[in-house]
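Residue numbers (the working numbering), protein chains in the order written: chain X, 505 to 665; chain A, 185 to 612. Taking it in order: structure first as structure tokens, then the write-up.
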């Protein structure tokens with residue numbers, strides 16, 4: 505199970521990396537066209553959406569690494585290991601609620617705006633662009649569930665509950 | 185309801201829920217309690233908040249910094265600065281500030297400065313005999329310049345929120361940024377006698393020249409970027425892309441230190457770091473919707489119209505407020521949330537939005553070295569493996585010198601704006 509989740513995270517990082525690369529190439533191309541005076545308005549949509557996807561994929565993947573900026577003094581000053589683990593579970597649960605809300609409302613939003621079209625490329629639908637919300641939400645939820653389960657197992661193993 | 189939300193935020197942050205998720209939960213709870221705004225708005229706001237053109241510069245600046253660090257360009261800057269000033273008493277401390285100033289002129293990120301410059305300087309300062317507190321303190325304090333000397337990520341974000349010219353903000357930040365660096369060097373000078381800082385061996389002039397020549401392409405970057413923005417050759421956002429491309433080119437072809445194979449790793453590191461800041465920005469944006477519903481800006485305005493003292497008092501309150509916020513929140517979400525609230529009052533009082541921005545940016549940059557949540561301090565402390573308390577003690581003299589400069593910004597606000605406006609009227 506842990507392995508499958510690691511693979512999921514690696515894939516998500518790779519997707520985020522791909523979107524960042526796409527973003528960079530389009531930005532460079534956009535600057536080039538501006539200097540030589542060709543109009544390429546499509547680049548605006550592509551940079552915007554690839555940027556947003558890179559951010560949401562990265563943010564989801566960083567949940568697995570516990571890398572989101574947090575204030576850890578309180579937890580660091582707890583003496584007992586049990587208390588620290590219980591606190592970690594509580595934090596994961598709070599994050600899980602938000603991740604699930606993001607998944608649910610993300611789907612609703614994608615459905616609602618599915619048939620809207622891109623500003624500069626009217627042949628493309630807006631729906632898929634919104635899917636980064638539920639994708640980031642559901643992957644974060646999976647990582648958080650894994651953290652909660654492994655923290656609980658470690659509590660049980662140490663005989664704390 | 186307001187009190188419940190504030191309490192909820194404080195409790196979440198205090199127990200260690202990541203700031204971005206705490207902001208998200210509070211804005212969802214707040215918006216869910218209002219029938220006037222559909223719950224969905226929390227997430228559409230998060231998505232749309234990232235869609236602004238100016239924000240695109242954030243990953244670009246982080247990429248430029250990562251390319252410099254990974255590609256050994258930072259190391260070249262360090263070598264040439266150390267060769268030039270290393271033989272003075274406290275030489276490495278001076279070089280540390282000097283490199284941070286140059287690095288700040290290329291990168292827009294303070295954290296990247298602490299990580300890149302600190303990794304080299306902290307161990308070498310310690311092995312030369314500096315105490316750990318000083319090594320960490322100089323590194324952390326001088327890396328705050330990354331957000332103040334242009335280009336700067338926080339300036340780009342502020343310009344987007346306050347709808348002012350990024351170029352104008354960049355130019356206005358240049359002189360105060362250099363002054364902050366000089367103030368830190370003055371502290372080094374005062375302490376080098378008192379604490380008997382070590383000095384390195386004098387490097388022959390020919391060697392110094394050679395080192396400077398080798399690092400010239402790197403040293404030229406700030407001139408290229410700032411020059412390009414002033415002359416209107418490219419926009420500030422484009423300057424971020426140019427910084428990355430330039431760092432990549434000199435890393436591959438001139439220094440031959442960046443291998444093509446290493447690029448995916450650099451790219452992924454960039455994505456990880458930028459997504460952390462930008463996700464927090466996205467959730468702050470959702471909370472911003474809630475704050476504007478409560479019309480907090482009107483309340484703040486009423487408050488300030490009621491007290492006497494004018495611009496200086498107002499700005500001092502702004503400094504104290506952002507200093508407090510900066511102790512536990514990153515600069516970007518702090519600005520997203522509170523700039524829209526203080527800006528209208530500042531405008532009513534006749535304070536230039538550029539100066540307001542600069543003062544907020546310097547204050548939040550100082551927040552990067554104030555415990556408990558000061559990212560630059562945390563990064564520097566972890567490189568040296570000392571406690572946050574000890575690190576902050578080492579940082580304190582440099583922090584105080586920066587506070588003095590900040591006070592000068594507040595008191596003589598019109599002065600700092602006069603020269604850039606006269607020299608580059610097109611930018612304002």
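The C-beta atom is built at its ideal place from N, Cα and C for all residues, glycine as well. No experiment lies behind these values; they were computed from the predicted model shown.
* To do: Drop a sphere of 10 angstroms on the beta-carbon of residue 618 of chain X, count the other beta-carbons inside from all chains shown, and report buried for 16 or more, exposed for fewer.
  => Exposed, since its Cβ has fewer than 16 Cβ neighbours within 10 Å.
* **Within chain D, partners of residue 530 of chain X - CB distance below 7 angstroms** => Looking for chain D here will not work: the only protein chains present are X and A.
* For residue 139 of chain A, name the three-state secondary structure that DSSP assigns. => With chain A represented from 185 up to 612, any question about residue 139 of chain A goes unanswered, as that position is not in the structure.
* Examine the Cβ distances between the segment 627-646 of chain X and the segment 600-608 of chain X and report whether three or more of them are shorter than 8 angstroms. => Yes, the segment 627-646 of chain X is in contact with the segment 600-608 of chain X.
* Where in the segment 421-498 of chain A do unbroken runs of the alpha helix (DSSP H), each at least 4 residues long, occur, reported from the N-terminal end onward? -> If we require 4 residues or more, the alpha helix (DSSP H) runs fully inside the segment 421-498 of chain A come out as 447-477 and 480-490.
* Do residue 568 of chain A and residue 319 of chain A have their C-beta atoms closer together than 8 angstroms? -> For residue 568 of chain A and residue 319 of chain A, yes; Cβs fall inside 8 angstroms.
* residue 328 of chain A in three-state terms, based on DSSP -> Residue state for residue 328 of chain A is assigned as helix, using DSSP reduced to three classes.
* Count the other CB atoms, across all protein chains shown, that sit within 10 Å of the CB of residue 491 of chain A; report buried if there are 16 or more and exposed otherwise. => So residue 491 of chain A counts as exposed.
* To do: Taking only beta-carbon positions, decide if residue 203 of chain A is within less than 8 angstroms of chain X.
  => True, the Cβ-Cβ gap to chain X drops below 8 angstroms.
* Asked: Which residues, taken in chain order from the segment 606-633 of chain X, show a beta carbon closer than 7 angstroms to some beta carbon of chain A?
  -> Taking 7 angstroms as the Cβ-Cβ cut-off against chain A, the residues of the segment 606-633 of chain X that qualify are 606, 609, 610, 612 and 613.
* Asked: Along the segment 212-226 of chain A, what residues have a CB closer than 8 angstroms to any CB found in chain X?
  -> If the cut-off is 8 angstroms between Cβ atoms, the segment 212-226 of chain A has 212, 223, 224 and 226 near chain X.
* Using a C-beta to C-beta distance shorter than 7 angstroms, which residues of chain X count as neighbours of residue 379 of chain A? -> Near residue 379 of chain A there are no residues of chain X at all, since even the closest Cβ is about 29 angstroms away, more than 7 angstroms.
* To do: Classify residue 459 of chain A as buried or exposed, calling it buried when 16 or more other Cβ atoms lie within 10 Å of its own Cβ.
  => With 16 or more Cβ atoms within 10 Å of its Cβ, residue 459 of chain A is classed as buried.
* Asked: My guess is that residue 541 of chain A and residue 342 of chain A are in contact by the Cβ rule of under 8 angstroms, so how many angstroms apart are they, rounded?
  -> Between residue 342 of chain A and residue 541 of chain A the Cβ distance is about 4 angstroms, and since that is below 8 angstroms, they are a contact.
* Member of A/190, A/504 and A/519 whose CA lies at the smallest distance from the CA of residue 347 of chain A -> Nearest in C-alpha terms to residue 347 of chain A, of all of A/190, A/504 and A/519, is A/519.
* To do: Inspect the beta-carbon positions of residue 285 of chain A and residue 329 of chain A and report whether they are closer than 8 angstroms.
  => Yes; because the gap between Cβ atoms is below 8 angstroms, this pair is in contact.
* To do: Determine the direct distance from the alpha carbon of residue 636 of chain X to that of residue 556 of chain X, and round the result to whole angstroms.
  => When rounded, the distance between both Cα atoms is 8 angstroms.
* Looking at the C-beta of residue 572 of chain X, does it have a partner C-beta in chain A at a distance below 8 angstroms? -> Cβ-Cβ to chain A under 8 angstroms: yes for residue 572 of chain X.
* Asked: Hey, residue 321 of chain A and residue 579 of chain A: beta-carbon distance below 8 angstroms or not?
  -> The Cβ-Cβ distance between residue 321 of chain A and residue 579 of chain A falls below 8 angstroms.
* Quick one: which chain A residues come within Cβ less than 8 angstroms of residue 575 of chain X? -> The contacting residues are 197, 198, 200, 203, 512, 556 and 557.
* To do: Closer than 8 angstroms, Cβ to Cβ, to anything on chain A: give me those residues from the segment 553-564 of chain X, in chain order.
  => Within the segment 553-564 of chain X, the residues whose Cβ lies closer than 8 angstroms to some Cβ of chain A are 555, 556, 558, 559, 560, 561, 562 and 563, listed in chain order.
* Asked: Taking residue 379 of chain A as the reference, which of A/549, A/401, A/307 and A/277 has the closest Cα?
  -> Checked all of A/549, A/401, A/307 and A/277; the closest Cα to residue 379 of chain A is A/277.
* Three-state class that DSSP yields for residue 386 of chain A in the structure shown -> Coil at residue 386 of chain A, not helix or strand.
* Counting along the chain, where does the alpha helix (DSSP H) carrying residue 232 of chain A start and finish? -> In the DSSP assignment, residue 232 of chain A falls within the alpha helix (DSSP H) that extends over 225-233.
* **Residue from X/630, X/585, X/615 and X/620 with nearest C-alpha to residue 659 of chain X** => It is X/585 whose Cα lies nearest to the Cα of residue 659 of chain X.
* Of the residues A/367, A/393 and A/465, the one placed nearest residue 234 of chain A, counting alpha carbons only -> Proximity to residue 234 of chain A across A/367, A/393 and A/465 peaks at A/465, based on C-alpha coordinates.
* **Unbroken alpha helix (DSSP H) run spanning residue 408 of chain A, endpoints** => Where residue 408 of chain A is concerned, the enclosing alpha helix (DSSP H) starts and stops at 400-414.
* To do: Check whether the Cβ atoms of residue 413 of chain A and residue 428 of chain A lie closer than 8 angstroms to each other.
  => Taking 8 angstroms as the cut-off, the beta carbon of residue 413 of chain A is found no closer than this to the beta carbon of residue 428 of chain A.
* residue 553 of chain X: buried (16+ other C-beta within 10 angstroms of its C-beta) or exposed? -> Residue 553 of chain X comes out buried.
* To do: Might you give, ordered along the chain, the residues of its own chain that have their beta carbon closer than 7 angstroms to the beta carbon of residue 608 of chain A, omitting 5 neighbours on each side?
  => Correct list, in chain order: 355 and 414.
* Evaluate residue 539 of chain A with the Cβ neighbour count: other Cβ atoms within 10 Å of its Cβ, from every protein chain shown; 16 or more gives buried, anything less gives exposed. => Residue 539 of chain A comes out buried.
* Asked: Is the CB of residue 571 of chain A under 8 angstroms away from at least one CB in chain X?
  -> No, residue 571 of chain A lies away from the interface with chain X (no Cβ there is under 8 angstroms from its Cβ).
* **Through-space distance from residue 452 of chain A to residue 592 of chain X, alpha-carbon basis** => The straight-line gap from Cα to Cα measures roughly 27 angstroms.
* **Close beta carbons around residue 585 of chain A, own chain, < 7 angstroms, minus the five adjacent residues each side** => Closer than 7 angstroms at the Cβ level, and outside the excluded window around residue 585 of chain A, lie 367, 368, 370 and 371.
* To do: Alpha carbon to alpha carbon, how far is residue 534 of chain X from residue 581 of chain A? Give it in angstroms, no decimals.
  => The alpha-carbon separation between residue 581 of chain A and residue 534 of chain X amounts to approximately 46 angstroms.
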